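Take a look at the structure below.
2 protein chains.
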Amino acid sequence: MRFSKQRELIKNIVQGTNSHPTAYWIFNKAKKKISNISLGTVYRNLNKLNKDGIIDIFYDNNIARYDWNTVSHDHLKCNKCGKIIDVKMHTKELQKEVWKQYKFEADNFEITVSGICNNH
Amino acid sequence: MRFSKQRELIKNIVQGTNSHPTAYWIFNKAKKKISNISLGTVYRNLNKLNKDGIIDIFYDNNIARYDWNTVSHDHLKCNKCGKIIDVKMHTKELQKEVWKQYKFEADNFEITVSGICNNH
DNA sequence: ACTAATAATAGTAACCATTACTATTTAAAT
DNA sequence: ATTTAAATAGTAATGGTTACTATTATTAGT
Ligand SMILES: [Mn+2]
Ligand SMILES: [Mn+2]
Ligand SMILES: [Zn+2]
Ligand SMILES: [Zn+2]
Numbered sequence: 412m413r414f415s416k417q418r419e420l421i422k423n424i425v426q427g428t429n430s431h432p433t434a435y436w437i438f439n440k441a442k443k444k445i446s447n448i449s450l451g452t453v454y455r456n457l458n459k460l461n462k463d464g465i466i467d468i469f470y471d472n473n474i475a476r477y478d479w480n481t482v483s484h485d486h487l488k489c490n491k492c493g494k495i496i497d498v499k500m501h502t503k504e505l506q507k508e509v510w511k512q513y514k515f516e517a518d519n520f521e522i523t524v525s526g527i528c529n530n531h
Numbered sequence: 412m413r414f415s416k417q418r419e420l421i422k423n424i425v426q427g428t429n430s431h432p433t434a435y436w437i438f439n440k441a442k443k444k445i446s447n448i449s450l451g452t453v454y455r456n457l458n459k460l461n462k463d464g465i466i467d468i469f470y471d472n473n474i475a476r477y478d479w480n481t482v483s484h485d486h487l488k489c490n491k492c493g494k495i496i497d498v499k500m501h502t503k504e505l506q507k508e509v510w511k512q513y514k515f516e517a518d519n520f521e522i523t524v525s526g527i528c529n530n531h
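The listed protein sequences correspond, in order, to chains Y and H.
Going by the numbering used here, the first residue of the first sequence is number 412, and it counts up by one from there.
Going by the numbering used here, the first residue of the second sequence is number 412, and it counts up by one from there.
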């Protein structure tokens, strides 16, 4: 993969926020630095960065959000302010439970907790 | 809400499968009984049934799936055969954990476990 | 430095799941 | 039976994402 300033910018934008941004948010941020950058370029590079393990993608209902944090973790989503907070849940117990009851070999847990955050 | 044979059919289709079908799958099934049923009618009624608490909606990556099972539960998704299995995870521990560590008042856990099911 | 090869881009069209619109049909209350 | 408005079929529009294509930019070899 060869260098491009567009990809470098997109990577830095994702790595510079904890807000789990959407592609469109990243696109608007990027336009401030490269005014004619294309939305297609944003999507293409987000997917490329994800395939190379540089960033993570997850879905919030039906839209993609991008995450600089590539180590397996979970999210708390506040119903009042929309904030998405990183957490690491202990899933060892759940893994055992699933194996015991269903003979299901779990290799990934995706947990989204909705509720009310500590700002309210 | 007044009766319609379309809505009745859609409800029965969702309640007659454990497969967590998509709207399009339901649409095709419905066409066998009402050949000129419209995809818009399927979506409209699925949303209406959901609002009335008759069925559940959840998102599998970026597409909606419908579920007859309206009591809070979780899903095991097999990476080999795609099957989605209903389970009830114990989230009381997680709830405590989230409150202790983040002062986050959890009211719903959405857990999707991916792995390999007992058919393989 | 110059050239050649080709990866990456901007701009635009296409795609797919879902929702919105509208004229017509239908359930059901009177 | 008549009336009223909810529901429908058919179609257009929307929003997020991917695909296409002519042009531009990076990089390896000379
Ligand atoms: Mn995160
Ligand atoms: Mn289910
Ligand atoms: Zn909040
Ligand atoms: Zn399986």
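The C-beta atom is built at its ideal place from N, Cα and C for all residues, glycine as well.
Quick caveat, the model's predicted, so the values are computed rather than measured.
- [ ] Tell me whether the beta-carbon of Y:N458 lies closer than 8 Å to the beta-carbon of H:S525.
- [x] no
Open item on the list: Give me the chain H residues within the contact set of Y:N529, using Cβ-Cβ distance strictly less than 8 Å, ordered along the chain.
Closed with: Y513, K514, F515
TODO: Tell me, to the nearest whole angstrom, how far the beta carbon of H:H531 is from that of H:K491; I am working on the premise that it is less than 8 Å.
DONE: 5 Å
Task: Three-state secondary structure (DSSP) of Y:F469 - done: strand
TODO: Using a threshold of 8 Å, state whether the C-beta atoms of Y:N439 and H:Y470 are closer than that.
DONE: no
Open item on the list: Only counting the same chain, and skipping five residues up and downstream in sequence, which positions put a Cβ closer than 8 Å to that of Y:L444?
Closed with: It should be pointed out that residue 444 of chain Y corresponds to Lys in this sequence rather than to Leu. So the list reads L420, once near-sequence residues are dropped.
Open item on the list: Taking the alpha carbon of Y:N480 as the reference point, which residue from Y:H431, Y:E504, Y:S415, Y:K416 has its own alpha carbon closest?
Closed with: Y:H431
TODO: Verify the contact flag: H:H484, CB atom, against every heavy atom of ligand 2, threshold strictly below 7 Å.
DONE: yes
Open item on the list: Less than 8 Å between the beta carbons of H:E516 and Y:I527, yes or no?
Closed with: yes
Open item on the list: If you measure from each CB to the nearest heavy atom of ligand 3 and keep those under 7 Å, what residues do you get, in chain order?
Closed with: Output, sorted by chain position: Y:C489, Y:K491, Y:C492, Y:K494, Y:I527, Y:C528, Y:N530, Y:H531.
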